[in-house]
Each structure stands twice: as structure tokens, then as C-alpha cells.
Amino acid sequence: MQKLKEEIGRLLAPRVSLEPAEVISLLEVPPEPSYGDLAFPCFALAKTRKKPPPLIARELSEEISGENGLFWGQAVPRGPYLNFFVAPAAYGREVLQEIWNRAEQYGHSEVGRGGNVPIDYSSPNIAKPFGVGHIRSTVIGHSLYLIHQALGYNSIGINHLGDWGTQFGKLIVAFKHWGDERELKNDPVNYLYKLYVQFHKQVEEEPALDDEARSWFWKLENGDEEAVDYWNRFRQLSLDNYELVYEQLGIEFEHYHGESHYNQMLDRVIDIVKERGIASESEGALMIDLEPHGLPSVMLRKKDGATLYITRDLAAAIYRYETFNFARSLYVVGAEQTLHFQQLFKVLELLGFEWASRCVHVPFGLIRFKDGKMSTRAGKIILLEEVLNRSIEMARQIIEEKNPDLPDKEGAAKAVGLGAVRFGDLNNDRVKNIEFDWEKALDFSGETAAYIQYAHARICSILRKAGAEYKTWDDSSASLLDREEEISLVKTLALLPDKIFASAESYRPSILARYLIDVARDFNRFYHNCPVLNSEEELKHGRLLLISATRQVIANGLALLGIEAPEEM
RNA sequence: GCGCCUGUAGCUCAGGGGAUAGAGCAACGGAUUCCUAAUCCGUGUGCCGCAGGUUCGAUUCCUGCCAGGCGCACCA
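For the first sequence, the residue numbers in this note's numbering are 30 to 598.
The structure is reproduced here in C-alpha cells:
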């Protein structure tokens with residue numbers, strides 16, 4: 030599509046006294062394929078030419094009627110638009126050949142120029158179970174990691190574990206009051222979670238527990254041996270549990286720098302803030318006044334000397350800059366923390382760090398039940414493990430029913446089951462809240478990962494049956510694709526690079542996810558109307574090249590969403 | 001009270017100054033001598049939350065309002 034645009038740009042630019050780049054940026058895709066493939070709107074010319082746009086469109090079409098386009102067949106005026114139709118032979122050959130040549134690299138680029146992009150994602154709170162709420166950060170973050178990598182950035186996955194803070198005081202108190210060593214050994218994470226919930230129930234009757242918890246956290250921050258000992262055990266037990274989930278999801282992090290990692294930097298952060306004179310003491314606490322900037326003030330140090338979340342986040346931000354000198358620094362964290370990040374970035378700016386503008390909060394909506402928000406404290410939560418297992422089980426059942434002779438049922442069930450869960454989090458705009466619904470989470474029809482994976486598997490099946498002699502590039506075969514279903518599929522395949530880029534620039538993997546649905550839909554229409562293996566020799570070769578390119582696009586796209594593309598299912 | 005986000009078909013959601021506003025689900029009806037029917041084709045539905053404003057043109061941009069969600073100093 031890019032070459033077509035460039036050609037139109039060169040052609041039109043001198044006739045409308047604009048730069049080719051300006052013409053290209055004006056081009057749009059008509060709402061209806063029958064109107065054409067690219068449209069040049071003439072509204073902008075109306076003022077300078079003092080003519081109504083429809084007349085300009087007609088005149089332009091006459092002016093260029095003698096020109097022969099390489100990639101466009103004809104240019105037809107329609108109302109205020111000049112509509113260009115692609116020349117199927119040249120265009121199809123061009124697109125398919127690019128995919129053929131670049132293969133796994135198709136859609137990738139070097140725009141990132143190796144710039145470091147630390148991505149803070151997943152980042153669960155230690156000693157709390159990994160619920161479906163965390164999966165959004167994990168899945169979206171991981172996809173952004175892969176997408177940035179594909180654009181030539183050096184992605185750096187950081188699991189900013191919530192392994193510090195008052196919650197550890199609470200856990201220690203709960204464990205000392207009600208803890209049972211045997212139960213802890215048995216099922217550590219769920220047991221710690223039980224204690225956490227119990228603490229919050231009990232504190233309503235015994236408010237003193239809160240003070241006790243605060244004091245234990247104070248001890249922890251001051252290196253009390255017993256406190257540190259508890260902390261170490263709770264932390265390690267939780268980590269072991271998370272790693273099982275990450276392994277299942279195929280995710281690895283470059284760094285497991287939790288909040289505790291920044292403890293030794295906190296004094297320096299406080300010093301820097303004092304040096305710049307933006308902090309002040311208030312009722313014994315250290316504050317930064319953000320009121321002049323339209324934000325609530327933040328507290329860096331409590332009156333008892335303990336630090337807060339934002340203090341550690343400041344340390345983390347500075348650490349990331351000093352370590353990675355990043356091109357961008359992403360925080361894939363829930364929308365409920367938007368204010369926190371506004372405050373964080375504002376403080377960085379007040380500290381005079383020009384790189385503050387390169388820090389980006391990538392927020393996402395909550396997962397909710399029909400009757401309200403999930404809450405770790407209240408024990409209202411669905412475990413991710415359970416969702417993943419049920420999803421895989423459901424996929425297994427469907428395979429048993431539809432394709433009982435499949436050789437690798439287990440592999441396919443895993444790919445489809447995990448893909449469904451991931452896709453559910455990726456296909457809608459991330460800022461919207463999601464209502465958790467088992468039926469929807471386990472539905473494999475319609476706009477789902479399975480729809481895309483199925484198209485991929487069907488293509489693989491056809492390619493397996495085709496002889497080896499078709500596994501070569503052939504110019505003339507690739508030029509034969511002129512049916513509507515073929516052209517429309519080719520045009521969709523041409524969009525992958527744009528979609529990957531757009532996903533990165535807006536930090537929205539949903540753009541890529543939705544695009545892959547379009548690819549699969551276009552393929553299915555083609556598949557139902559155009560026989561491949563039963564076609565006449567040269568056309569058969571051309572169609573094999575087309576579906577081979579389609580397979581490549583789906584495989585490349587799904588890979589960037591972290592979803593497997595099985596060859597059979 | 002203040003701030004941020006959301007409001008599009010019965011449901012879940014795409015789209016995003018311009019050409020008749022689109023998918024999936026659900027409902028109903030069709031398609032398999034043929035490459036896996038997890039598919040495809042057809043049928044119906046919209047004060048694009050409300051009211052103003054900018055514009056040749058607004059569902060899209062601006063302002064106000066309404067509704068829902070989230071957040072607002074010793075949690076993370």
C-alpha cells in the first residue's frame with residue numbers, strides 16, 4: 030500500500046501544488062471497497078482553487094487520464110473524492126513478494142534504532158494470589174514488550190514486584206496471631222492470602238492491629254532480624270508460585286526488581302528532593318506541594334520515618350534512567366493509579382529531569398464482577414490459574430469433539446485455551462473496564478483467538494497437502510490474483526506493518542488484535558469461494574502463495590500478542 | 001466537593017471532522033459429492049447519553065449537563 034501511496038503522491042503533488050508527503054497524508058481509504066482503494070479528498074483545494082470539490086475531483090481525473098500507473102488501474106471521481114483503484118496483478122505480486130522475502134520479519138522494522146524501553150508490567154503484590162486482575166497488566170505488557178522489540182527497540186521486561194510496604198506488617202501480625210506452619214508449607218500463597226483477608230476482617234473489630242502492622246513494617250525497614258526473616262520467607266514462597274504461571278504463559282523478565290530493590294536508594298532520593306528545595310516538612314512528614322500544578326500533594330516520608338510507594342517509585346524511575354538511558358519507559362499499571370503516575374511524573378519534572386516526558390503510564394480498566402469490583406482484601410477474586418486451567422480444559426473438550434484424531438491434542442488445547450484468555454484481554458481498548466463472565470471467557474467462537482488460530486491451521490493443512498514444487502516464488506503465478514476475495518485479502522495483508530507501528534505508538538495491542546480478526550475473516554471468505562488445491566496449475570500456485578503469505582501474517586501477528594499459532598487444531 | 005476515564009444495535013464492543021455508522025454474540029433461515037463447518041452466506045435493529053458551540057459539514061473537536069466507573073496526605 031505504501032508504494033501505491035507514494036506513486037499517487039508523486040503523480041498528484043505537482044498538479045495540486047503540494048508536497049508528495051502532504052498528498053500521501055491526505056489519502057484515505059474509502060468506506061466502501063466498490064468506491065476504490067484509496068481516495069484523495071479535494072476539500073482542502075476548494076479554497077485556493079475557488080471551485081467546489083466535486084469539480085476539482087473531475088478535473089484532476091481528466092488531467093491524469095493519460096497517465097499509466099504501475100500500482101493503480103484507474104482514477105475515478107466520485108463526489109468530492111478522486112478514487113484510485115489498484116491494479117491487481119502488480120499490486121498483489123508486490124505485496125506477496127515482500128511478505129515472501131521478509132517472512133518472520135514482515136511487519137517488523139528498525140524505527141526503534143535499538144533504543145532501550147524498560148516496560149514495567151505484571152508486577153503482582155507479593156503474598157497475594159495471582160488473580161485475573163493481574164493478567165491484564167501481564168498480557169498487555171508482554172505484548173507491548175514484543176511489539177517494541179519488533180520495531181527495533183530493545184525491550185526490557187521489569188517485574189516491579191510489590192514486595193515491600195505495610196502489607197508485610199499486616200501479614201507478619203496475622204501470621205504471629207493465627208499462623209500455622211503446616212498450612213503455610215502446604216499451600217503458601219493461598220494460605221498467606223487467607224491470612225491477609227482475615228487480618229482485614231479482624232481489624233474492623235480491633236483497630237489496634239493496624240498500629241501493630243505499621244510497627245512491624247517499621248521494624249522491617251530498620252532491619253529487624255525477625256521481621257526480615259518473615260519477609261524473606263513470604264517473598265520467596267510467593268515468587269515460586271508466580272514463576273509457575275509465567276512459565277505456563279511463556280513469559281520471562283529481564284529483571285525482578287521489586288520495590289525492595291530500591292530501598293538502598295531512598296535516602297539519596299530524599300536528598301535530591303531536599304536539594305532542589307521542592308519538599309517541606311508538614312506535621313512531621315516530608316511533603317511535596319503539588320497544588321500549584323493542579324495536583325494533590327504527595328508524601329515522601331511518614332512521620333514515623335517510613336517511606337511510601339511514591340518514594341520507591343521515584344527511586345525506581347531514576348534508577349531506570351541511570352541504568353538504561355531509555356527511549357521510553359512504560360508503566361503498564363491499572364487506571365486506578367492514574368493520579369499516582371501524574372504525581373510521580375510531575376515530581377520528576379520538578380526535579381529537573383528532562384526525561385520525565387519519556388515516562389508513560391499505560392493504564393487499563395478494571396476487571397469487575399457484575400456486582401462490583403474485585404477486591405483482594407475482601408477475598409473477592411478469581412484465580413488466574415483457575416481461569417487458565419478451565420480454558421484449556423474447555424479447548425480439550427472441543428478438540429475431542431471436533432478433531433478426535435489430532436496428533437498433538439494437548440499442545441493444541443494449550444494454545445487455544447491460553448490464547449483465548451490472552452485475546453480476551455487484548456481485543457478491546459484497554460481503558461475500558463471488563464466484566465468478568467465465565468461464559469465469555471470460555472467462548473471460542475466469533476471474534477476470538479481461536480478464530481484466528483483456526484484460519485492459520487486450515488492454511489497449514491492446505492500447504493501440507495500441496496506439493497513441494499509450489500514452495501517457490503513465481504512472479505507470474507502471483508500476478509494472477511484478481512478475484513474480489515483475493516484482492517481484498519491482499520490489501521489486508523499489506524496493512525500489517527502499519528498496524529504494528531500504530532499499536533506501539535498508542536500502546537494499544539488491541540489494534541493488532543482486531544486487525545488479525547480482519548485477516549482471518551478475509552481469509553475465510555476467500556477460502557469458501559476460491560478452491561486452492563483444485564485450481565488449474567498456475568492459479569493454484571498463485572493461491573498457494575497467497576495463503577502462504579496469509580499464514581505468515583497471522584503467525585507474525587499472533588506472535589506479537591504472545592499467542593501461539595498451532596499448525597493443527 | 002475536586003480530578004481522570006467511559007457512554008454507539010437487545011448484549012459485548014470497533015470506528016473517529018466528511019461519501020449510505022460497522023463487527024461479534026443472541027434470534028431466524030440457508031451452505032458440507034470439495035482443501036478440518038471452531039467456517040461461510042442471508043434476514044432485522046440505531047435521537048452514536050442530553051443541550052449548546054465551532055465548521056461548508058460533527059457520532060467524531062470545544063463547553064455545559066446527566067449517568068456509570070475510578071481516584072483524591074501517613075495503603076500499593
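Each residue gets a CB set at the ideal place from its N, CA and C atoms; glycine is no exception.
Considering only the beta carbon of each residue, do V298 and A344 sit closer than 7 Å?
Within the first sequence, residue 298 is the residue found at index 269, counting from 1. Within the first sequence, residue 344 is the residue found at index 315, counting from 1. Against a cut-off of 7 Å, the Cβ pair of A344 and V298 comes out as a contact.
Is N462 buried or exposed, if buried means 16 or more other CB atoms sit within 10 Å of its CB?
Your numbering for residue 462 matches position 433 in the first sequence. Sixteen is the threshold: since fewer than 16 other Cβ atoms of the shown chains lie within 10 Å of the Cβ of N462, the residue is exposed.
If you count every other CB in all the chains shown that lies within 10 Å of the CB of A132, and 16 or more means buried, which is it?
Working through the first sequence from its first residue, we reach residue 132 at position 103. So A132 counts as exposed.
Of the listed residues S309, T336, V168, V416, nearest to S289 (C-alpha basis):
Counted from its first residue, the first sequence places residue 289 at position 260. Considering only alpha carbons, the answer is T336.
Determine the direct distance from the alpha carbon of Q372 to that of I317, and round the result to whole angstroms.
As a working note, residue 317 is residue 288 in the first sequence. As a working note, residue 372 is residue 343 in the first sequence. Roughly 10 Å separates the two Cα atoms.
Residues of its chain near Y350, where Cβ-Cβ distance is below 6 Å and the 5 sequence neighbours each way are ignored:
Reading the first sequence from its first residue, position 321 is the one you call residue 350. Same-chain partners within the cutoff: W384.
Pull up the distance between the alpha-carbon of D472 and that of A478, whole angstroms please.
Within the first sequence, numbered from 1, the residue matching residue 472 stands at position 443. Within the first sequence, numbered from 1, the residue matching residue 478 stands at position 449. Cα to Cα, the separation comes out at about 10 Å.
Going along the chain, which residues of its own chain have a beta-carbon closer than 7 Å to the beta-carbon of A495, five neighbours each way excluded?
Residue numbering aside, residue 495 sits at position 466 when the first sequence is read from its first letter. Cβ within range, chain order: L562, L573.
On the premise that N456 lies in contact with L601, defined as a C-beta separation below 8 Å, what is that separation, rounded to the nearest angstrom?
What is shown of the chain runs 30 to 598, which leaves residue 601 out entirely.
Roughly how many angstroms separate the alpha carbons of P483 and W502, rounded to a whole number?
As a working mapping, residue 483 is identified with position 454 in the first sequence. As a working mapping, residue 502 is identified with position 473 in the first sequence. First, the residue type needs correcting, since residue 483 is Tyr and not Pro in the sequence shown. If you take the alpha carbons of Y483 and W502, they lie about 25 Å apart.
Straight-line CA distance for E92 to F100?
Taking the first sequence and counting its residues from 1, the one referred to as residue 92 is at position 63. Taking the first sequence and counting its residues from 1, the one referred to as residue 100 is at position 71. Their backbone Cα atoms lie some 18 Å apart in a straight line.
When DSSP labels each residue in this structure, what does W193 get in the three-state scheme?
Position 164 of the first sequence, counted from the first residue, corresponds to residue 193. Correct three-state label for W193: coil.
Okay, do the stretch 149-162 and the stretch 215-224 touch, 3+ Cβ pairs below 8 Å being the bar?
yes
Give a yes or no on whether the C-beta atoms belonging to T352 and L295 are separated by under 7 Å.
Working through the first sequence from its first residue, we reach residue 352 at position 323. Working through the first sequence from its first residue, we reach residue 295 at position 266. Cβ atoms of T352 and L295: not closer than 7 Å.
If you follow the beta strand (DSSP E) that D149 is part of, which residue opens it and which one closes it?
Along the first sequence, one-based indexing puts residue 149 at 120. Per DSSP, D149 belongs to the beta strand (DSSP E) from 145-149.
Residue range of the alpha helix (DSSP H) that I128 falls in?
As a working mapping, residue 128 is identified with position 99 in the first sequence. Annotation for I128: the continuous alpha helix (DSSP H) segment containing it runs 117-131.
Sheet register partners of V361 (DSSP bridge)
In the first sequence, counting from the first residue as 1, residue 361 sits at position 332. The bridge partners DSSP lists for V361 are V391.
On the DSSP bridge assignment, give the partners of N154 in chain order.
Looking up residue 154 in the first sequence gives position 125. G191, per the DSSP bridge assignment.
Assuming V445 and A424 are in contact, meaning their beta carbons sit under 8 Å apart, how far apart are those beta carbons, in whole angstroms?
Along the first sequence, read from residue 1 onward, the residue named residue 445 stands at position 416. Along the first sequence, read from residue 1 onward, the residue named residue 424 stands at position 395. Confirmed, about 4 Å.
Per-residue burial, V582 [other beta carbons within 10 Å of its own, 16 or more giving buried]:
Here residue 582 corresponds to residue number 553 of the first sequence, with the count starting at 1. Buried, by the Cβ-count rule.
Could you check where the alpha helix (DSSP H) with S166 kicks off and where it finishes?
Locating residue 166 in the first sequence gives position 137, counting from the first residue. Its alpha helix (DSSP H) spans residues 161-179.
Looking at C-alpha atoms only, which residue of I176, G394, K469 is the closest neighbour of I164?
As a first step, residue 164 is located in the first sequence; it is residue number 135 there, counting from the start. With respect to the C-alpha of I164, the residue from I176, G394, K469 having the closest C-alpha is G394.
By alpha-carbon positions, which one of R39, S506, I576, A549 ends up nearest to E565?
The residue given as residue 565 occupies position 536 in the first sequence. Measuring from the Cα of E565, the nearest candidate turns out to be S506.
Counted within 10 angstroms of its Cβ, other Cβ atoms place K431 as buried (16 or more) or exposed
The residue you call residue 431 lines up with position 402 of the first sequence. Per the 10 Å Cβ criterion, exposed.
Which residue marks the beginning of the beta strand (DSSP E) containing R397, and which one marks its end?
Residue 397 sits at position 368 when you count from the first residue of the first sequence. Here the beta strand (DSSP E) through R397 covers 396-398.
S535 and L541 - do their beta-carbons sit closer together than 7 Å?
One-based indexing of the first sequence puts residue 541 at position 512. One-based indexing of the first sequence puts residue 535 at position 506. Going by C-beta atoms, L541 is not nearer than 7 Å to S535.
Integer-rounded CB distance, given that V140 should sit under 8 Å from A523:
Within the first sequence, numbered from 1, the residue matching residue 523 stands at position 494. Within the first sequence, numbered from 1, the residue matching residue 140 stands at position 111. No, A523 and V140 are not in contact; Cβ-Cβ is about 18 Å, not under 8 Å.
With distances taken from CA atoms, which of A486, K438, F398, I428 is nearest E468?
On the first sequence, residue 468 is found 439 positions in, with the first residue counted as 1. Of the listed residues, the one whose Cα sits closest to E468 is F398.
Identify, in the order they occur along the chain, each residue of the same chain with its Cβ nearer than 6 Å to the Cβ of G144, setting aside the five sequence neighbours on each side.
In the first sequence, counting from the first residue as 1, residue 144 sits at position 115. The answer, listed in chain order, is Y182, A356.
Start and end residues, beta strand (DSSP E) containing P325
Here the question's residue 325 lines up with position 296 in the first sequence. Per DSSP, P325 belongs to no beta strand (DSSP E) and is neither H nor E.
So is N386 buried or exposed if we call it buried at 16+ other beta carbons inside 10 Å?
Position 357 of the first sequence holds residue 386. Note that residue 386 is Ser in the sequence shown here, rather than Asn. S386 should be labelled exposed.
Please confirm whether P17 and A73 have their CB atoms less than 7 Å apart.
Look at the range of the chain in this structure, 30 to 598, and you will see that residue 17 is not part of it.
For L224 and W606, believed in contact at Cβ under 8 Å, the rounded distance
Only positions 30 to 598 of the chain appear in this structure, which leaves residue 606 out of reach.
Whose C-alpha, out of V389, I427, P106, is nearest the C-alpha of L173?
The sequence position of residue 173 within the first sequence is 144, counting from 1. The residue with the shortest Cα to Cα distance from L173 is V389.
Would you tell me roughly how many angstroms separate the C-alpha atoms of I280 and A594, rounded to the nearest one?
The count along the first sequence starts at 1 and reaches residue 280 at position 251. The count along the first sequence starts at 1 and reaches residue 594 at position 565. So the two alpha carbons sit approximately 16 Å from each other.
Proximity to I411 [Cα-Cα], best of E61, I421, I396
Working through the first sequence from its first residue, we reach residue 411 at position 382. Here the closest residue by C-alpha is I396.
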